[in-house]
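J.: Quick one: the structure is below, and I'll ask about it shortly.
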Amino acid sequence: MSTLRKIYYSISPSQRLWARRIAFLPVDFWETITGKRSKDIPPRGMIYTGAGSFVKAGNLYLSFFRKYGDIKPNHRVLDVGSGIGRMALPLTQYLNTEGSYEGFDIVETGINWCKRNISTKYPNFHFRLMHLKNDLYSSDGQLAKLFQFPYDNEEFDFIFLTSVFTHMLPDEVENYMSEIYRTLKKGGTCFATFFVYGINMSDKIITKPFFTFPVDKGYYKLLDPKVQSANVAYDYNYIEKTLSKGMKLKIFIPGHWTGIESKETINDFQDIIVFEKN
Ligand SMILES: C[S@@+](CC[C@H](N)C(=O)[O-])C[C@H]1O[C@@H](n2cnc3c(N)ncnc32)[C@H](O)[C@@H]1O
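For the sequence shown, our numbering begins at 4 and goes up steadily by one.
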């Protein structure tokens, strides 16, 4: 693990948010006064949800939702762990007025930014803050393993989680998958990213993986023993047999975090899994 990453994990969740704001202050100031940053996207210091281009990642995932998840413009969509609108923003250009979007997250700055900058322009986009604990993102709150989503049974056509289960522990993911099953319509789709191991990739060229997960718990592995939600990897069989909660695991697309080299199969850094509720 890099030294910078180690330092980042050693501070509290709110200090992590502040550290980022301070580190990006000069570039955010410059981009604001020169008009280089579109007002429709958050300043870099506020983007706590992943590296790389915010806009490109959103557009790429919208293309995956269409290609693998069969999302339609009139769908009712749930974004679990909606962050600071990285996926919601491109969806504002895709969902029509018959479609609608719900997002929830546990970090207040992200939810507030989305309410101010997205819901005011797109009234069919709603964001909610949930007070839940996660040792990477939120020091206090209720336990995610007991949390019930604030939505009705069979309400959604499409539910997605991008880079969220990679920061949640097994009992939490199991509860969320049960809630996804409950809130998905029959025939609905759940699109989620994971770090997956235990799948045969002997036909692929594998070089050096970006992450190794040194803490082996059998059916899951951790990157860091102290900040357990920092990054979590799951065994494929456990996902298919236990986490799927009666849904069909329809698609598995390996990501390049493993060091996989085959061009056709590479889509993004994390692995993609699509489940279908029959
Ligand atoms: C890497 S970010 C990804 C955010 C967003 N999905 C995206 O792709 O831009 C992980 C997100 O998961 C959220 N999160 C962590 N634990 C959660 C939980 N139990 N319920 C909902 N969101 C959670 C974090 O607050 C954070 O916004």
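C-beta: ideal position from N, C-alpha, C; glycine also.
On a predicted model such as this, the values are computed, not experimentally measured, just so you know.
1) Which two residues bound the contiguous alpha helix (DSSP H) that contains T35?
2) Cβ of I50 within 8 Å of Cβ of I87?
3) Check this for me: beta carbons of F198 and A233, under 8 Å apart or not?
4) Give a yes or no on whether the C-beta atoms belonging to Y184 and K248 are separated by under 8 Å.
5) Assuming F361 contacts R79 under a Cβ cut-off of 8 Å, what Cβ separation, rounded to an integer in Å, is found between them?
6) Between I202 and E264, what straight-line distance do the alpha-carbon atoms span, to the nearest angstrom?
7) Is it true that the CB of P228 sits closer than 8 Å to the CB of Y140?
8) So, with DSSP's three-state summary, where would you put A91?
9) Use the C-beta contact count for D271: other C-beta atoms within 10 angstroms, 16 or more gives buried, fewer gives exposed.
10) If distances are taken between C-alpha atoms only, which option among F213, K220, M204 and F163 comes closest to R69?
11) Looking at the structure shown, is E157 part of a helix, part of a strand, or coil, going by DSSP?
12) Runs of 4 residues minimum, wholly inside the stretch 123–207: which ones carry the alpha helix (DSSP H) assignment?
13) Taking DSSP as the reference, what is the three-state secondary structure of A236?
14) Considering I254, what are the terminal residues of the beta strand (DSSP E) in which it resides?
T.: Concretely, from the data shown:
1) L28 to I36
2) yes
3) no
4) yes
5) The question about residue 361 has no answer here: the residues shown for the chain are numbered 4 through 281.
6) 16 Å
7) no
8) helix
9) buried
10) F163
11) coil
12) 173–186
13) strand
14) K251 to I256
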